[in-house]
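J.: This structure is in structure tokens; I'll ask about it shortly.
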Amino acid sequence: MLLSEDVYIIGAGETKFGELWERSLRELAVEAGLRAIESAGIYSKDVQLLYGSNSLGGTINSQNDIGSLIADFSGIASNHIPAIRIEASSASGAAAVREAYLGIRSGEYDCVMVGAVEKMTDLYGTEMLDHMGTMLDREWEAFFGGTPAAMAALSARKYMLDFNVPKEKLLSMSVNDHNNASMNPDAQYRNKITMEAAMESTMVAEPLNMMDCSPMSDGAAALVLCSGSFLRKRKLEGVKILSSAISQDFLALHSRRSIYTMDSTVLAARTAFERAGLKQKDISFAEVHDSYSIYGLTALEDLGFAEKGKAREVIDAGIGLGGPLPINPSGGLKAKGNPIGAVGVGQFVEAVSQISGKAGQRQVKDARVGLLQNVAGTGSTSIVHIVGGA
Amino acid sequence: MGKLSAVWRETSHRYRLVAHQCGNCKKMYFPPRDICPDCHRESIGKMMEKELSGKGKIESFTIVHDAPSAFARQRPYVLALIRLDEGPVLTAQIVDSDFSELEAGRKVRAVFRKIREDGKGGIIQYGYKFVLE
Ligand SMILES: [Zn+2]
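Protein chains in written order, with my numbering: chain A, 66 to 455; chain B, 20 to 152.
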């Protein structure tokens, strides 16, 4: 049997996340892509395949075929390489990275680029909220007034009731995110928040308020991945993808086994740890998909860092940069921002900074192995990657 | 055209709360499904329509303040997960209730109401909402 190729991330770049009124979808994608290519120390002609990642372009920006768009405006259209879009709602980013990883593992490609972009602020708040409903089951959730925040709120209320968890525990995810984001120049919100102020912010869907919810963001992130042989031949350095796993669940929250356990995350995490030959204690930091604060807590449980209902113990032990398990050193979805189709690739950009010791003020000490969790909607798809070295 | 046909397609299920029951394992599904996720091909052609009682209990609920445009005139509104007596859980609004009376486990029953208005002078759509028993 042929041994599959190891896969390395050799380049990573992103734009600032935020309300970038003056920047277009294509400008953002190209900026991130060029940064990734530059940091990889390769030429764009080395790229043999490009996966575009984007979720809402077709609805918000009236633009599909984002793969071709990125290839075209990155100046590589005349290389005639395959360039298609991967879409898996808010998990599009990690889904694209995973497909790139598989393309290299298979031996078909040596050097693959992932370009992820989302441009959300071309629409006003309410209009945008209408489009956010496309993340849910349109016919049986959104039709009746379901919004992503409302669905998260349904999980949150039951979770808080069943495990007697006070609202402050949810918001401690957001306070931590803002703390870390204050040290991240690419983050949308660089202000620290206090628990008191967080508790009093405007209600969105009770019990969740503004400070429990990630914002609408524009932003792009890009990676260059390559095979072990390419890396050695070119004498490059990279961060290894130790494992990649994906799992699926029912689309609508009401059809799932539990409303506060993402089985898709449980299964993806189990596989990711098995394939990497690692345990939870081996993880130096994690970037979790906390589009809503409650998902930060359930992620800690579903990824195996805490038993069900006991995420608060991990939080109490310390999820800050100096704690036993630093969570979202980037600032997470709440404060770094949540450009839907790019957020999962942004997590990799953070992981590369951390593992190569270039995260500046927010550097996690001894950051060797990172875990990244990217989720579609309320948990219909979860993708878990473990990256780093020994 | 496309939009209207999308509205009418699910109408009978939304108007009458019609579930699908798997003829193989007898499990009830709402929203209706053409394939039983437990029995797979054994269930093909055996999913039977079954009218639901419309009675159930609140599993969880939220009061939605940040509403999509089709619900702007209803805000704040109550959205809930309701476990029907026949087993399935669905997502629906609870209306005509004092917010302070809402509680997980409370009994509710389905009523027929206007659900949403898509734009000014747009399509008005009807279906089930729930009230406290
Ligand atoms: Zn069955």
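Note that the Cβ used here is the ideal one computed from N, Cα and C, for glycine as well.
Since we're looking at a predicted model, the values are computed, not measured.
Quick check: is any heavy atom of ligand 1 less than 7 Å from the C-beta of Lys46/B?
T.: Along the second sequence, one-based indexing puts residue 46/B at 27. Using a cutoff of 7 Å, the CB of Lys46/B counts as near ligand 1, since one of the ligand's heavy atoms is closer than that.
J.: Within 8 Å (strictly less), CB to CB, does Met20/B reach chain A?
T.: The sequence position of residue 20/B within the second sequence is 1, counting from 1. In this prediction, Met20/B has a pLDDT of 35, which is less than 50 and means its spatial position is unreliable; what the coordinates show is noted afterwards. Not one chain A Cβ lies under 8 Å of Met20/B.
J.: Inspect the beta-carbon positions of Asp251/A and Lys375/A and report whether they are closer than 8 Å.
T.: As a working note, residue 251/A is residue 186 in the first sequence. As a working note, residue 375/A is residue 310 in the first sequence. No, they are not a contact pair.
J.: Mark Met66/A as exposed unless 16 or more other C-beta atoms lie within 10 angstroms of its C-beta, in which case mark it buried.
T.: What you label residue 66/A is simply residue 1 of the first sequence in a count that begins at 1. Because the pLDDT at Met66/A is just 45, under 50, the model does not fix this residue reliably, and the point stays unresolved.
J.: Which residue wins for smallest C-alpha separation from Ala142/A, given the options Gln113/A, Ala159/A, Ile125/A and Tyr166/A?
T.: Taking the first residue of the first sequence as position 1, residue 142/A is located at position 77. Of the listed residues, the one whose Cα sits closest to Ala142/A is Gln113/A.
J.: So that I know if they touch, is there some Cβ in chain B lying closer than 8 Å to that of Ala214/A?
T.: In the first sequence, counting from the first residue as 1, residue 214/A sits at position 149. Interface criterion met: the Cβ of Ala214/A is under 8 Å from a Cβ in chain B.
J.: Report yes if the C-beta of Ser282/A is less than 7 Å from at least one heavy atom of ligand 1; otherwise report no.
T.: The residue given as residue 282/A occupies position 217 in the first sequence. Checking the Cβ of Ser282/A against ligand 1 gives no.
J.: How would you label Arg377/A, buried or exposed, when you count the other beta carbons within 10 angstroms and need 16 or more for buried?
T.: Locating residue 377/A in the first sequence gives position 312, counting from the first residue. With 16 or more Cβ atoms within 10 Å of its Cβ, Arg377/A is classed as buried.
J.: With respect to the beta strand (DSSP E) encompassing Thr191/A, which residues constitute its N-terminal and C-terminal limits?
T.: Within the first sequence, the letter at position 126 stands for residue 191/A. Element bounds for Thr191/A: not the beta strand (DSSP E) but the alpha helix (DSSP H), Gly190 to Met197.
J.: When you compare only the Cα positions, how much space is there between Gly21/B and Gly442/A?
T.: Walking along the second sequence from the start, residue 21/B turns up at place 2. Walking along the first sequence from the start, residue 442/A turns up at place 377. Any reading at Gly21/B must be qualified, since the residue scores a pLDDT of 49, below 50, and its modelled position is unreliable; the value itself is stated next. Each residue's Cα considered, the two are about 25 Å apart.
J.: Closer than 8 Å, CB to CB, is Leu71/B near chain A or not?
T.: By 1-based counting over the second sequence, the position of residue 71/B is 52. Chain A contact via Cβ: absent.
J.: What residues in the segment 319 to 331 of chain A have a beta carbon less than 7 Å from any beta carbon of chain B?
T.: Residues of the segment 319 to 331 of chain A whose Cβ lies closer than 7 Å to any Cβ of chain B, in chain order: His319 and Ile324.
J.: So which residues on chain A does Glu78/B lean against when the C-beta distance must stay under 9 Å?
T.: In the second sequence, counting from the first residue as 1, residue 78/B sits at position 59. Residues of chain A passing the Cβ test: Leu219, Lys223, His319 and Ile324.
J.: Does Gln112/B have its Cβ less than 8 Å from a Cβ in chain A?
T.: Sequence index remark: in the second sequence, residue 112/B carries index 93 (1-based). Closer than 8 Å to some Cβ of chain A, the Cβ of Gln112/B qualifies, so yes.
J.: Are Val440/A and Ser155/A closer than 8 Å when you measure CB to CB?
T.: Against the first sequence, residue 440/A aligns to sequence position 375. Against the first sequence, residue 155/A aligns to sequence position 90. Yes. Within cutoff.
J.: Using a Cβ cut-off of 8 Å (strictly closer), state whether Leu151/B contacts chain A.
T.: Position 132 of the second sequence, counting from 1, holds the residue named residue 151/B. So, not an interface residue.
J.: Return the first residue and the last residue of the alpha helix (DSSP H) that Met225/A is part of.
T.: Here residue 225/A is taken as the residue at index 160 of the first sequence, counted from 1. Pro213 to Asp227 is the extent of the alpha helix (DSSP H) around Met225/A.
J.: At a Cβ threshold of 8 Å, is Trp86/A touching chain B?
T.: By one-based count along the first sequence, residue 86/A stands at place 21. So no, Trp86/A is outside the interface.
J.: Going by DSSP in three states, Val440/A sits in which element: helix, strand or coil?
T.: Counted from its first residue, the first sequence places residue 440/A at position 375. DSSP places Val440/A in strand when its eight states are reduced to three.
J.: In the segment 31 to 47 of chain B, which residues sit with their C-beta less than 7 Å from some C-beta in chain A, listed in chain order?
T.: none
J.: Strictly below 8 Å CB to CB, what residues from chain A border Ala129/B?
T.: In the second sequence, the residue the question calls residue 129/B occupies position 110. Within 8 Å of the CB of Ala129/B, no CB atom of chain A is found; the nearest one sits about 12 Å away.
J.: Can you tell me where the beta strand (DSSP E) holding Arg135/B begins and where it ends?
T.: Here residue 135/B is taken as the residue at index 116 of the second sequence, counted from 1. Its beta strand (DSSP E) spans residues Lys126 to Glu136.
J.: Keeping to the same chain, check which residues put their C-beta closer than 7 Å to that of Cys58/B; ignore five residues upstream and five downstream.
T.: Counting from one through the second sequence, the residue named residue 58/B turns up at place 39. For Cys58/B, where only same-chain residues beyond five positions count, the Cβ hits under 7 Å are Cys41, Asn43 and Cys44.
J.: Pull up the distance between the alpha-carbon of Pro147/A and that of Arg433/A, whole angstroms please.
T.: Within the first sequence, numbered from 1, the residue matching residue 147/A stands at position 82. Within the first sequence, numbered from 1, the residue matching residue 433/A stands at position 368. Here the alpha carbon of Pro147/A sits roughly 33 Å from the alpha carbon of Arg433/A.
J.: For the segment 192 to 206 of chain A against the segment 307 to 320 of chain A, do three or more pairs of beta-carbon atoms, one drawn from each stretch, fall closer than 8 Å, so that the two count as touching?
T.: yes
J.: Please identify, using Cβ separations under 7 Å, the residues of the segment 255 to 280 of chain A that lie next to chain B, in order along the chain.
T.: Met268, Val269, Ala270 and Glu271
J.: Taking Ala77/A as the reference, which of Gly106/A, Glu152/A, Glu164/A and Gly342/A has the closest Cα?
T.: To locate residue 77/A, count along the first sequence from 1; it is residue 12. When only C-alpha atoms are compared, the closest one is Gly106/A.
J.: Closest Cβ-Cβ distance between Leu226/A and chain B: below 8 Å?
T.: The residue labelled residue 226/A in the question sits at position 161 within the first sequence. Interface residue, yes.
J.: What are the boundary residues of the alpha helix (DSSP H) that Lys298/A is part of?
T.: What you label residue 298/A is simply residue 233 of the first sequence in a count that begins at 1. For Lys298/A, the enclosing alpha helix (DSSP H) begins and ends at Gly293 to Lys298.
J.: In the structure shown, what three-state DSSP assignment does Ser320/A receive?
T.: Here residue 320/A is taken as the residue at index 255 of the first sequence, counted from 1. Helix.
J.: Counting C-beta neighbours from all protein chains within 10 Å, is the total for Val95/A 16 or more, i.e. buried, or is it exposed?
T.: Here the question's residue 95/A lines up with position 30 in the first sequence. That one is buried.
J.: Which residue spans inside the segment 324 to 365 of chain A form an unbroken beta strand (DSSP E) run of at least 3?
T.: 350 to 352
J.: Got a sec: is the Cβ-Cβ distance from Leu235/A to anything in chain B below 8 Å?
T.: One-based indexing of the first sequence puts residue 235/A at position 170. By this cut-off, Leu235/A is not an interface position.
J.: Can you tell me the Cα-Cα spacing of Pro56/B and Gln426/A, whole angstroms?
T.: Residue mapping note: residue 56/B aligns to position 37 of the second sequence, counting from 1. Residue mapping note: residue 426/A aligns to position 361 of the first sequence, counting from 1. Each residue's Cα considered, the two are about 49 Å apart.
J.: Using a C-beta to C-beta distance shorter than 8 Å, which residues of chain A count as neighbours of His59/B?
T.: Here residue 59/B refers to the residue found at position 40 when the second sequence is read from its first residue. Within chain A, no residue comes near His59/B; the closest Cβ sits about 15 Å away, beyond 8 Å.
J.: Consider the Cβ of Glu152/A: report whether some Cβ of chain B lies at a distance smaller than 8 Å.
T.: The residue you call residue 152/A lines up with position 87 of the first sequence. With 8 Å as the cut-off, Glu152/A does not count as an interface residue toward chain B.
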